[in-house]
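Working notes, structure below.
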Amino acid sequence: MNQSTLSDDSDGNSNNDRYDFLRKARRRDMQEEYSEEMGTFNRKRPFSNQQTLSDDEEDDGGSNQKAAKTEDPVDKNSAGYKLMRKMGYKEGSGLGKQGQGISEPIALSSQRGRIGLGHEANKVLTRQMDEVWDESKEEKTVEERVEWFEACPLEVREEIVENLKDDRWIVVKQKKLIIDDEVDFCDELTLKNMLEAKQVFDNMTDKDLREARTRANPYETIGGAFFQNRAAMKTANLDRIYDWIFSMENPQTLLKKNPLEDAKPSNSDDRSSPLFYFADVCAGPGGFSEYMLWRKGFYNAKGFGFTLDGKDDFKLHKFCASSAYYFEPYYGVKNNGDVTDPENIDSLEDYVSKGTNGLGVHLMMADGGFSVEKQENLQEILSKRLYLCQLLVSLAGLVYLMRICYDDVSLHKPHTSRPANSERYIICKGLRKEFSDVVRDYLKRVNRKIGELKNREDPNDVQEIVPHSIMQSDEDFFTYLVKHNQKLAQRQTVYLQKYLSFSRNQGLFDKDQGNLRDDCLNYWMVPNRKRARDRERVRESLNAAFVLGIYTKKMMGANDFNVRTPEFSPRMLEQSNDKHYKHAEFRFVRLSERSNPYLLVATSDAIFVHKGYWERMENDLARIPESTILLVEPTTERVRNGNRISKGTQEIFRIIDAAVLNGDDVSMLSYEQRMTAARKFALALQRVNAQVRKGWGNRSKIIRPHILTVADVFSFNELENMKNEMELVNFQNESHPLFTESGYSMVCSGLRFCRVIRQDWCMAYSRSQSLIYAYNLQNKAIGSIFERDFERNEVWASFWDTAMMKENEKKETLRRMADDPRNAYVSQCVWKWQICVENTYGPRAIMTEDEHKGGPTVSSIMAAVNHIDKLCGIA
Numbered sequence: 001m002n003q004s005t006l007s008d009d010s011d012g013n014s015n016n017d018r019y020d021f022l023r024k025a026r027r028r029d030m031q032e033e034y035s036e037e038m039g040t041f042n043r044k045r046p047f048s049n050q051q052t053l054s055d056d057e058e059d060d061g062g063s064n065q066k067a068a069k070t071e072d073p074v075d076k077n078s079a080g081y082k083l084m085r086k087m088g089y090k091e092g093s094g095l096g097k098q099g100q101g102i103s104e105p106i107a108l109s110s111q112r113g114r115i116g117l118g119h120e121a122n123k124v125l126t127r128q129m130d131e132v133w134d135e136s137k138e139e140k141t142v143e144e145r146v147e148w149f150e151a152c153p154l155e156v157r158e159e160i161v162e163n164l165k166d167d168r169w170i171v172v173k174q175k176k177l178i179i180d181d182e183v184d185f186c187d188e189l190t191l192k193n194m195l196e197a198k199q200v201f202d203n204m205t206d207k208d209l210r211e212a213r214t215r216a217n218p219y220e221t222i223g224g225a226f227f228q229n230r231a232a233m234k235t236a237n238l239d240r241i242y243d244w245i246f247s248m249e250n251p252q253t254l255l256k257k258n259p260l261e262d263a264k265p266s267n268s269d270d271r272s273s274p275l276f277y278f279a280d281v282c283a284g285p286g287g288f289s290e291y292m293l294w295r296k297g298f299y300n301a302k303g304f305g306f307t308l309d310g311k312d313d314f315k316l317h318k319f320c321a322s323s324a325y326y327f328e329p330y331y332g333v334k335n336n337g338d339v340t341d342p343e344n345i346d347s348l349e350d351y352v353s354k355g356t357n358g359l360g361v362h363l364m365m366a367d368g369g370f371s372v373e374k375q376e377n378l379q380e381i382l383s384k385r386l387y388l389c390q391l392l393v394s395l396a397g398l399v400y401l402m403r404i405c406y407d408d409v410s411l412h413k414p415h416t417s418r419p420a421n422s423e424r425y426i427i428c429k430g431l432r433k434e435f436s437d438v439v440r441d442y443l444k445r446v447n448r449k450i451g452e453l454k455n456r457e458d459p460n461d462v463q464e465i466v467p468h469s470i471m472q473s474d475e476d477f478f479t480y481l482v483k484h485n486q487k488l489a490q491r492q493t494v495y496l497q498k499y500l501s502f503s504r505n506q507g508l509f510d511k512d513q514g515n516l517r518d519d520c521l522n523y524w525m526v527p528n529r530k531r532a533r534d535r536e537r538v539r540e541s542l543n544a545a546f547v548l549g550i551y552t553k554k555m556m557g558a559n560d561f562n563v564r565t566p567e568f569s570p571r572m573l574e575q576s577n578d579k580h581y582k583h584a585e586f587r588f589v590r591l592s593e594r595s596n597p598y599l600l601v602a603t604s605d606a607i608f609v610h611k612g613y614w615e616r617m618e619n620d621l622a623r624i625p626e627s628t629i630l631l632v633e634p635t636t637e638r639v640r641n642g643n644r645i646s647k648g649t650q651e652i653f654r655i656i657d658a659a660v661l662n663g664d665d666v667s668m669l670s671y672e673q674r675m676t677a678a679r680k681f682a683l684a685l686q687r688v689n690a691q692v693r694k695g696w697g698n699r700s701k702i703i704r705p706h707i708l709t710v711a712d713v714f715s716f717n718e719l720e721n722m723k724n725e726m727e728l729v730n731f732q733n734e735s736h737p738l739f740t741e742s743g744y745s746m747v748c749s750g751l752r753f754c755r756v757i758r759q760d761w762c763m764a765y766s767r768s769q770s771l772i773y774a775y776n777l778q779n780k781a782i783g784s785i786f787e788r789d790f791e792r793n794e795v796w797a798s799f800w801d802t803a804m805m806k807e808n809e810k811k812e813t814l815r816r817m818a819d820d821p822r823n824a825y826v827s828q829c830v831w832k833w834q835i836c837v838e839n840t841y842g843p844r845a846i847m848t849e850d851e852h853k854g855g856p857t858v859s860s861i862m863a864a865v866n867h868i869d870k871l872c873g874i875a
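Using full-length UniProt numbering, you'd call the opening residue of the sequence shown number 1 and step up by one each time.
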């Protein structure tokens, strides 16, 4: 029993020893494997001075480098290798009893994302890291060649228009949902190749397609530049290659407004040009409009927008390249922005006509679209009605009808339009209204017909609006369209194939993207800078004094802003000599309020009015672009009821003088030139609808911002006519002169005069030349300067001379007026038309009496003016 027990114990100890041995061996193997792995992981790559190689160089290690030591990738002394040898492994063969295992390294996975292993996409779009692309298939250029249709003969236009007066050309057939048989204007094989290339991507995810396109499209990095989206750069691209017919810019002066460097221009050379009007239809969020406002610069353009309400609306808060205040969205009489609605189309026409005073627009742009998901090949068929309505709004038709409406028509796909899609643009110039009116009415009937079929869920659709035989018989039209379609389809096929190649090999990228971006932007005359992510609210943007300090030519103290304007005196008109044409040195405007006009400064984020202190206004109420400095009079319109008037609800900012208009420094121009520029500025900001909707959906609200108008300017000779334009009415139990300005009624509480020439100059009248001239009091050697040369000789008084009076300047003016009014320099003064209970002096006496003991009247001032005219020899 004891022996038996001893024997069992000895066997147990023996087994334990064996287990200990195996455990220790396994630990050694694990330690060895760990050391090998960590050693390989931590092994540093040897440093080489030659970091990169060009495409045509080979990496031969260099002549000065030591030969690399070739090491066997397998450590034959390792425990793992020994165990494999014991199990029958032979070098160069696979594992397994028969050596049936793979002997090559395991290949990289060709699986695409989370797609199932048997998915169709893995067969066509499988990853192939050795895939290469033949760049010789592409044509990458900076400049583009545009082609125009041959002009349509007059007799053809007349014949077509005659046939459009009824609806016999409108053909209704079964809805068309295939494009494979569209071979009337394109080669069948070319179309087949393009469709096959497109269908490859049916199983590709949007993410993979975008990723491949980003690397494959040579013009992809152009993006939107510093605008809110790519649509802006499409307009810039087209504008340049069509020789600026979009913006109607002069390439010789264009860079003065839009310099390629970061420096901002300080003057607008186009301030005297008429306002440029444009309409942007189906173009939310507004990239086209942002570019056009930027290209025209300052306050030279006014835009009207029409797009779908809601999430596809214009993103006016993202207009960073220009001010969105020059752009007015409209959503039609249905207030939904649906361009296919006939009533919306008619109301848009009326709206634009009102906003342009019946002139119409210089440019009409339309780039609408909607989702064609799962039916990409049918993009043009599904979009037919949208395209029809876009062209209808611009008084054109489908391609053939457009040749009837316009002198010149062109089809083009710009570089900024991604090459693998079917997008293209129709450019028309020279509207022929005698033909376009008939075409417009015809297309309206077509649109209504499409709407009727859709509303009753009819299986048929409008399939033809011009007979194919008519178009095919027009050889010029047919040849152009076939050639254009062939070229577009072939290019599209090439880039679809390129996308496929780049999606298979993620290591491929177009090496010309960077250079093409730089060259294209330079050719299109667009600065090569990126769009700021967010507008930085720096301290200066909320500081009116900072903006004022950039432009002011006059040092002003804190108390100088509160100086009250001196009162008008008839002695101001006393001449220093008989030739002194003194009253010609002044201009005046009417005032509607008794308080002095205020200085207004608009910064990038706020608007301030100086009322003894800088008072910030709500941006929504004062819609004035940044970098603007004005002398304004805040007032309220008056509403007439019989012979009485009352205050209305419309708040108004009347511009009395202007220094800077959205960065355009006009302060050194003559007073009348400044006011003319201000008038154009106010016109660009004028809205058809005085109400503005802020936000959309349930969070939207309606606000009524201040109206910006410009005061009418008069000379002393026009004082009598100005008086006759006004009518005395009762307001607050007093008689007040009522006048109308910019369509709004206001009361006249006084006149503000300003001297339009500088202090050291006087005006006279040349009888021999019958012209006004100026002479310098300090330097008589200068001689006589006629009015046409005033600007060149710096005769005109600046804004800082006539609008900003310092305290010491006022004291000096009052002293000179008391001592020697004939030679006194008065830069500005106010004639108050207020009722005085002591002597009955007031508006009624001023307007109706010849003279009054309480002060000057219109008749007495006109008598002094006529006397000066007589002395100067003016008939």
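Glycine residues also receive a C-beta, built at the ideal position from the N, C-alpha and C atoms. Given the structure is predicted, the values throughout are model-derived calculations rather than measurements.
Own chain, CB closer than 7 Å to residue 532, minus 5 neighbours either side, in chain order = Along the sequence shown, one-based indexing puts residue 532 at 532. These residues qualify, in order along the chain: 320.
C-alpha distance - residue 672 paired with residue 587, whole-angstrom precision | Start at 1 with the first residue of the sequence shown, and residue 672 comes out as number 672. Start at 1 with the first residue of the sequence shown, and residue 587 comes out as number 587. Between residue 672 and residue 587, the C-alpha separation is close to 9 Å.
Please state whether DSSP places residue 809 in a helix, a strand or coil.
-> In the sequence shown, counting from the first residue as 1, residue 809 sits at position 809. Helix.
With 16 other Cβ atoms within 10 Å as the buried cut-off, status of residue 2 | For the purposes of this step, residue 2 is identified with residue 2 of the sequence shown, where counting begins at 1. Residue placement at residue 2 cannot be trusted, given a pLDDT of 42 that sits under 50; what the coordinates show is reported in the next sentence. Residue 2 comes out exposed.
Quick one: is residue 69 buried, meaning 16 or more other Cβ sit within 10 Å of its Cβ, or exposed?
-> The residue you call residue 69 lines up with position 69 of the sequence shown. Bear in mind that a pLDDT of 43 at residue 69, under 50, signals an unreliable position, so the number given afterwards is only what the model happens to contain. Classification of residue 69: exposed, given that the 10 Å Cβ count is below 16.
Closest by C-alpha distance to residue 625, when choosing among 130, 726 and 293 | For the purposes of this step, residue 625 is identified with residue 625 of the sequence shown, where counting begins at 1. Among 130, 726 and 293, the Cα nearest to that of residue 625 is on 293.
What does a CB cutoff of less than 8 Å around residue 223 pick up in its chain, not counting 5 residues either side in sequence?
-> Start at 1 with the first residue of the sequence shown, and residue 223 comes out as number 223. Once the five neighbours on either side are set aside, the close Cβ partners of residue 223 are 230 and 233.
Report the rounded CA-to-CA distance for residue 382 versus residue 289, giving the unit in angstroms.
-> Taking the sequence shown and counting its residues from 1, one reaches residue 382 at position 382. Taking the sequence shown and counting its residues from 1, one reaches residue 289 at position 289. For residue 382, the pLDDT reaches just 42, beneath the cut-off of 50, and the residue's location in the model is therefore unreliable, although a value from the coordinates is still provided. Taking the straight line joining both Cα atoms gives about 26 Å.
Closest residue to residue 583 among 597, 568 and 591 (Cα-Cα distance) = Counting from one through the sequence shown, the residue named residue 583 turns up at place 583. Closest option to residue 583, Cα to Cα, is 568.
Would residue 620 be called buried (16 or more neighbouring beta carbons within 10 Å of its own) or exposed?
-> As a position in the sequence shown, residue 620 is number 620, starting the count at 1. Residue 620 should be labelled exposed.
Proximal residues to residue 578 (C-beta, below 8 Å), its chain only, five neighbours per side dropped | The residue given as residue 578 occupies position 578 in the sequence shown. Excluding positions up to five away in sequence, the list reads 871 and 872.
Quick one: residues in its chain with C-beta nearer than 7 Å to the C-beta of residue 242, no 5 flanking neighbours on either side, listed in chain order?
-> What you label residue 242 is simply residue 242 of the sequence shown in a count that begins at 1. Correct list, in chain order: 146 and 427.
Go ahead and pull the three-state DSSP assignment for residue 302.
-> Taking the sequence shown and counting its residues from 1, one reaches residue 302 at position 302. Note: residue 302 maps to strand in three-state DSSP.
Collapsed DSSP secondary structure at residue 38 in the structure displayed = Within the sequence shown, the letter at position 38 stands for residue 38. Any reading at residue 38 must be qualified, since the residue scores a pLDDT of 48, below 50, and its modelled position is unreliable; the value itself is stated next. DSSP places residue 38 in helix when its eight states are reduced to three.
What separation, rounded to the nearest whole angstrom, lies between the Cα atoms of residue 300 and residue 516?
-> Within the sequence shown, the letter at position 300 stands for residue 300. Within the sequence shown, the letter at position 516 stands for residue 516. Each residue's alpha carbon lies about 31 Å from the other.
On the DSSP bridge assignment, give the partners of residue 431 in chain order.
-> Indexing the sequence shown from 1 puts residue 431 at position 431. DSSP output for residue 431 lists 406 as bridge partner(s).
Which full runs of the beta strand (DSSP E) of 3+ residues lie inside the region 296 to 358, going along the chain?
-> 301 to 306 and 327 to 330
Rounded separation between residue 664 and residue 644 - CA only | Mapped onto the sequence shown, residue 664 falls at position 664. Mapped onto the sequence shown, residue 644 falls at position 644. Answer to the nearest angstrom: the Cα atoms are 42 Å apart.
Hey, could you find the ends of the alpha helix (DSSP H) residue 273 is sitting in?
-> Here residue 273 corresponds to residue number 273 of the sequence shown, with the count starting at 1. Segment: none, residue 273 is in no alpha helix (DSSP H) and carries neither H nor E.
Go ahead and pull the three-state DSSP assignment for residue 759.
-> As a position in the sequence shown, residue 759 is number 759, starting the count at 1. Of the three classes helix, strand and coil, the one that applies to residue 759 here is coil, per DSSP.
Alpha carbon to alpha carbon, how far is residue 194 from residue 468? Give it in angstroms, no decimals.
-> Within the sequence shown, residue 468 is the residue found at index 468, counting from 1. Within the sequence shown, residue 194 is the residue found at index 194, counting from 1. Roughly 24 Å separates the two Cα atoms.
What first and last residue would you give for the beta strand (DSSP E) that runs through residue 588?
-> For this step, residue 588 is matched to residue 588 along the sequence shown. Start and end: 586 to 591.
In or out: residue 189 buried (at least 16 other Cβ within 10 Å) or exposed?
-> Along the sequence shown, read from residue 1 onward, the residue named residue 189 stands at position 189. Exposed, by the Cβ-count rule.
In three-state DSSP terms, what is residue 185?
-> If you number the sequence shown from 1, residue 185 lands on position 185. Three-state DSSP puts residue 185 in coil, outside helix and strand.
What did DSSP end up calling residue 514 once you bin it into helix, strand or coil?
-> For the purposes of this step, residue 514 is identified with residue 514 of the sequence shown, where counting begins at 1. Residue 514 falls in the helix class under three-state DSSP.
In whole angstroms, what is the alpha-carbon distance linking residue 211 and residue 491?
-> Within the sequence shown, numbered from 1, the residue matching residue 211 stands at position 211. Within the sequence shown, numbered from 1, the residue matching residue 491 stands at position 491. Taking the straight line joining both Cα atoms gives about 20 Å.
Are the region 698 to 710 and the region 682 to 689 touching by the rule of at least three beta carbon pairs closer than 8 Å?
-> yes
Whole-angstrom distance between residue 244 and residue 251, CA atom to CA atom = Here residue 251 refers to the residue found at position 251 of the sequence shown. Here residue 244 refers to the residue found at position 244 of the sequence shown. The straight-line gap from Cα to Cα measures roughly 8 Å.
Using the Cα positions of residue 433 and residue 678, report the straight-line distance between them to the nearest angstrom.
-> For the purposes of this step, residue 433 is taken as the residue at position 433 of the sequence shown. For the purposes of this step, residue 678 is taken as the residue at position 678 of the sequence shown. Going from the Cα of residue 433 to the Cα of residue 678 covers about 33 Å.
Hey, out of 86, 646, 83 and 104, whose CA is closest to residue 92's CA?
-> As a first step, residue 92 must be located in the sequence shown, where it is residue number 92. It is 104 whose Cα lies nearest to the Cα of residue 92.
Neighbourhood of residue 236 by C-beta distance below 6 Å, restricted to the same chain and skipping five residues each side | Residue numbering aside, residue 236 sits at position 236 when the sequence shown is read from its first letter. Same-chain partners within the cutoff: 291, 524 and 526.
Does the region 823 to 843 touch the region 746 to 766, meaning 3 or more C-beta pairs lie closer than 8 Å?
-> yes
Straight-line CA distance for residue 220 to residue 214?
-> Looking up residue 220 in the sequence shown gives position 220. Looking up residue 214 in the sequence shown gives position 214. Going from the Cα of residue 220 to the Cα of residue 214 covers about 6 Å.
Taking just the CA atoms, how far does residue 549 sit from residue 668?
-> Against the sequence shown, residue 668 aligns to sequence position 668. Against the sequence shown, residue 549 aligns to sequence position 549. So the two alpha carbons sit approximately 16 Å from each other.
Could you check the C-alpha separation between residue 811 and residue 828 for me, to the nearest Å?
-> Mapped onto the sequence shown, residue 811 falls at position 811. Mapped onto the sequence shown, residue 828 falls at position 828. C-alpha separation (whole angstroms): 13 Å.
When 650, 420 and 543 are compared against residue 742, the one with the closest alpha-carbon = Working through the sequence shown from its first residue, we reach residue 742 at position 742. Of 650, 420 and 543, the residue nearest in Cα terms is 650.
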